[in-house]
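Per full-length UniProt numbering, the sequence shown starts with residue 1, numbered consecutively. Every residue, glycine too, gets a C-beta built ideally from N, C-alpha and C. Keep in mind it's a predicted model, so treat the numbers as computed, not measured. Reading through the structure tokens given below for one structure.
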Amino acid sequence: MTASCRICAKCKPRFYKPQKAHLIKATQPFERLNIDFKGPLPSTNKNIYFLTIIDEFSRFPFVFPCSDMTSSTVIQCLCHLFALFGMPSYIHSDRGSAFMSKELRDFLTSKGIASSRTTSYNPQGNGQAERYNGTIWKAITLALEARSLPPKYWQEVLQDALHSIRSLLSTATNVTPHERFFSFPRKSATGCSVPSWLCNPGPALLKRHVRLHKTDPLVDEVEVIQANPQYAHVRLSDGRETTVSVRHLAPIGEATPRLEKSTDQMESSIGDNGPVELEQGQELIDSNEVPSLRRSQRPRRPPDRLDLPRLDVISDSAWETYRNRNNVAVANSMFYCTSACKGFFRRTIQKTLTYYCKWNEECIIDKTTRNQCQQCRYKKCLAMGMAPDLVLNESQRKAKRRLIQENREKRSREELLRQSGLLFSSRLTEMEESLIQSIVLAHQETNQLYRRHSESSYGRDSDEPDAKRQRTAKPIAEIMAPSIVKVVEFAKRIPGFKELDSQDQVLLLKSCCMEIMCLRMAQRYEAEEQKLVLSTGVKVSREELKGSGLNDLVEPIFDFAAGLCKLDLTDTEMALLAAVLLIADRPGLHNSQSVETLQDVLLGAFQHYVNVTRPKTPVHWAKILMKITDLRTISGRHTENIMRIKLDNYKDIPPIFLEMFQDCPTFDSAEGLPTDTSQQMEAAAVQT
Numbered sequence: 001m002t003a004s005c006r007i008c009a010k011c012k013p014r015f016y017k018p019q020k021a022h023l024i025k026a027t028q029p030f031e032r033l034n035i036d037f038k039g040p041l042p043s044t045n046k047n048i049y050f051l052t053i054i055d056e057f058s059r060f061p062f063v064f065p066c067s068d069m070t071s072s073t074v075i076q077c078l079c080h081l082f083a084l085f086g087m088p089s090y091i092h093s094d095r096g097s098a099f100m101s102k103e104l105r106d107f108l109t110s111k112g113i114a115s116s117r118t119t120s121y122n123p124q125g126n127g128q129a130e131r132y133n134g135t136i137w138k139a140i141t142l143a144l145e146a147r148s149l150p151p152k153y154w155q156e157v158l159q160d161a162l163h164s165i166r167s168l169l170s171t172a173t174n175v176t177p178h179e180r181f182f183s184f185p186r187k188s189a190t191g192c193s194v195p196s197w198l199c200n201p202g203p204a205l206l207k208r209h210v211r212l213h214k215t216d217p218l219v220d221e222v223e224v225i226q227a228n229p230q231y232a233h234v235r236l237s238d239g240r241e242t243t244v245s246v247r248h249l250a251p252i253g254e255a256t257p258r259l260e261k262s263t264d265q266m267e268s269s270i271g272d273n274g275p276v277e278l279e280q281g282q283e284l285i286d287s288n289e290v291p292s293l294r295r296s297q298r299p300r301r302p303p304d305r306l307d308l309p310r311l312d313v314i315s316d317s318a319w320e321t322y323r324n325r326n327n328v329a330v331a332n333s334m335f336y337c338t339s340a341c342k343g344f345f346r347r348t349i350q351k352t353l354t355y356y357c358k359w360n361e362e363c364i365i366d367k368t369t370r371n372q373c374q375q376c377r378y379k380k381c382l383a384m385g386m387a388p389d390l391v392l393n394e395s396q397r398k399a400k401r402r403l404i405q406e407n408r409e410k411r412s413r414e415e416l417l418r419q420s421g422l423l424f425s426s427r428l429t430e431m432e433e434s435l436i437q438s439i440v441l442a443h444q445e446t447n448q449l450y451r452r453h454s455e456s457s458y459g460r461d462s463d464e465p466d467a468k469r470q471r472t473a474k475p476i477a478e479i480m481a482p483s484i485v486k487v488v489e490f491a492k493r494i495p496g497f498k499e500l501d502s503q504d505q506v507l508l509l510k511s512c513c514m515e516i517m518c519l520r521m522a523q524r525y526e527a528e529e530q531k532l533v534l535s536t537g538v539k540v541s542r543e544e545l546k547g548s549g550l551n552d553l554v555e556p557i558f559d560f561a562a563g564l565c566k567l568d569l570t571d572t573e574m575a576l577l578a579a580v581l582l583i584a585d586r587p588g589l590h591n592s593q594s595v596e597t598l599q600d601v602l603l604g605a606f607q608h609y610v611n612v613t614r615p616k617t618p619v620h621w622a623k624i625l626m627k628i629t630d631l632r633t634i635s636g637r638h639t640e641n642i643m644r645i646k647l648d649n650y651k652d653i654p655p656i657f658l659e660m661f662q663d664c665p666t667f668d669s670a671e672g673l674p675t676d677t678s679q680q681m682e683a684a685a686v687q688t
């Protein structure tokens, strides 16, 4: 009656067909990508998902088997793809948690890649990836049936399925995905550019360009007579022969009609033909084992194992545990409520909203009428156990977010350390504690730092040559002898050093002298005044030292001292650093295996100590290793320049040079030193 009513036909609203959205289309290969996950799938290993990446321009698919659906897995797959083909301009995905994560957004932003996601409850927005997920799984299912394999062996036939899809003619582009992506035909297994199904005469599918009605088929079945990489000579169904482009042909075979078979048809065909006889080691592919789409269609409700009271009045199909997790608290946390009611109650408390009822607060609140009266709905929430005093305020919410972010960063650091093998126990072992205590005690007793804060007197020293010039006139061996003894004493107290070969001990002492000199000088650096404290307590600046004839050494020493000061190393770390400089792999060692073993013990204890004492700065150990590299670079580059000072005339040695390196070891080799100095070092080492 409504359709035949003239008044209804006149008054009914007119329907306007919405305009077609103007979507941004890709103009070249690898410009826009669509990504989506498929799974969980039965598998023989931990890979129960696969990530599908589709090039929007060419329809060329990429598939990566994955063990989970996390953002780190997506980033790893994208990095592998970007290493092969470069960076795309745009990536589109659905609203999965892996694609919505901040980690993935930051990664794409750092690569200069724009990204977008579908709207809620609209999987059609990512239809290309969703469609290819089904197409790829159908191809995998056919390949498994051809080999009589169960679905859990899908990874063995994945590449064959991708090869067939990439070589199949696309009706939307009139070319295969491979040819549109790479701009040349795909070679077949025969070694030529002609597909294997065109090498021999046989049936094929020809795209129909003109159709009289929309119900007409898109393709016609023809017979291929002869083909080359560009054209094929075919015989039509009416007997006529013609030449067509290879791009308009597609293979046809026994597997093609089976693509359209549904699961029910497969079950019915198996039931009609009776039981299937299987060979030994084969399994029948059960239709129930074929995985469905990732989107679950089951209703959302609480688990049956939880016998919890239900909020019948306000609840709907979106069941969730009503806890303090979402900034809404209840007196008794063991009941269920919807997200809509939680949000309504939270907004009411946080914004201090006031409601009024027009019907004397006697409204019946249920799932359909809960939006009609807010006052009665609020009263119903209070009656069901919601507690206003437990709703988080703004400061509490910020503290909660900050705590969540800190925990997330902590887990990320622990995961990074666990993957890199740098995660240690939270306590040092007894052997490590004993080793560190011995090294620290030896360092403190053999290295006295003088920090007498006085004004710079280097400018006056050039006019008063009496004291320092007279001291310079002494043999250099006599001046440096106390420093040599202290370094040897430090080495003797390092556990395991005495067990080394005597010649190796002498070589280690000679090789590390310049490095330890620079390290102990850097300890006497004043960061606030940017000055270096000499052994006499005098503080000199960078410009004052440049006039002493050590221009090539001043800049690197001051830069290294400033960088070492920023690390804020403790006395224990400085002692361990000096021990690592002493026990190092040097060329010319007689028993390098013993030295490497002792070095590994020291480095392991040093690294464990740094990780235990500085758990929030995991890169501190790497910065210390970089300082060791910088120190050895300074030693190797500038030792030769220092040795050029004429030692036959002791007055040519700058007095400031002796003050810088006093109370430190001598140079890194015996070459260029007086014979007495080298002999004293060897004698002191041999006494150990």
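Beta-carbon gap between residue i and residue j smaller than 7 Å
| i | j | result |
| --- | --- | --- |
| L581 | I494 | no |
| L519 | Y525 | no |
| P150 | F60 | no |
| V219 | G202 | no |
| G125 | T118 | yes |
| K38 | N122 | no |
| I252 | L206 | no |
| A161 | A139 | yes |
| I24 | A129 | no |
| L545 | V538 | no |
| I365 | K342 | no |
Assumed close pair residue i, residue j - CB separation to whole angstroms, cut-off 8 Å
| i | j | result |
| --- | --- | --- |
| S58 | P88 | Actually they do not touch by this definition, with Cβ atoms about 12 Å apart. |
| A522 | A561 | 4 Å |
| R247 | E241 | Between E241 and R247 the Cβ distance is about 19 Å, and since that is not below 8 Å, they are no contact. |
| L51 | I91 | Not really, about 12 Å apart at Cβ, beyond 8 Å. |
| N47 | S71 | Contact flag wrong, Cβ pair sits at about 17 Å. |
| D585 | S592 | 6 Å |
| T613 | I436 | Incorrect: roughly 11 Å between the Cβ atoms, too far for contact. |
| Q375 | E362 | Incorrect: roughly 11 Å between the Cβ atoms, too far for contact. |
| S442 | F490 | The identity of residue 442 in the sequence shown is Ala, whereas the question assumes Ser. Right, the Cβ-Cβ distance comes to about 5 Å (below 8 Å), so this counts as a contact. |
| L508 | I583 | 7 Å |
| L108 | S115 | 5 Å |
| Y355 | Y378 | 6 Å |
| L598 | G496 | 5 Å |
Distance, residue j Cα to residue i Cα
| i | j | result |
| --- | --- | --- |
| residue 691 | R347 | The question about residue 691 has no answer here: the residues shown for the chain are numbered 1 through 688. |
| T633 | G563 | 14 Å |
| E455 | S541 | With a pLDDT of only 38 at E455, under 50, the local geometry of the prediction cannot be trusted, and no value is derived from it. |
| P13 | Q372 | 26 Å |
| D167 | E596 | The identity of residue 167 in the sequence shown is Ser, whereas the question assumes Asp. Spanning the two alpha carbons is a distance of roughly 57 Å. |
| K152 | T73 | 21 Å |
| Q159 | E179 | 18 Å |
| P615 | R427 | 11 Å |
| E31 | C8 | 52 Å |
| E103 | G86 | 20 Å |
| Q405 | K111 | 24 Å |
| G385 | R413 | 40 Å |
| Y609 | E433 | 9 Å |
| D94 | E56 | 15 Å |
| H590 | E499 | 13 Å |
| I349 | Q76 | 44 Å |
| E267 | S148 | Summary for E267: the model assigns pLDDT 38, below 50, so the residue's position carries little reliability; its value from the coordinates is reported in the next sentence. Roughly 16 Å between the two C-alpha positions. |
| D501 | E445 | 25 Å |
| T629 | L577 | 12 Å |
| T617 | M626 | 15 Å |
| V63 | D389 | 51 Å |
| Q607 | S339 | 49 Å |
| W137 | K566 | 57 Å |
| C513 | K410 | 41 Å |
| S269 | S164 | Note that S269 scores a pLDDT of 39, beneath 50, so its modelled location is shaky; the value from the coordinates is reported in the next line. If I take the Cα positions, the gap works out to 26 Å. |
| C11 | C5 | 10 Å |
Check: residue i C-beta below 6 Å from any heavy atom of the ligand FMN
| i | result |
| --- | --- |
| E362 | Within the structure as shown, the ligand FMN is missing, as the structure has no ligands at all. |
Next on the checklist: Please give me, in chain order, every unbroken run of the alpha helix (DSSP H) with length at least 4 that falls completely inside the segment 375-428.
Outcome noted: Counting only runs of 4 or more residues that sit fully inside the segment 375-428, the alpha helix (DSSP H) segments are 394-420, in chain order.
Checklist entry - Which runs of the alpha helix (DSSP H), 4 residues or longer, sit entirely within the segment 508-574? => result Segments of the alpha helix (DSSP H) lying fully in the segment 508-574: 513-523, 542-546 and 551-567.
Checklist entry - At what residue ranges does the segment 78-121 contain a whole run of the alpha helix (DSSP H), taking only runs of 4 or more? => result Listed in chain order, the alpha helix (DSSP H) runs fully inside the segment 78-121 are 97-100 and 102-110, counting runs of at least 4 residues.
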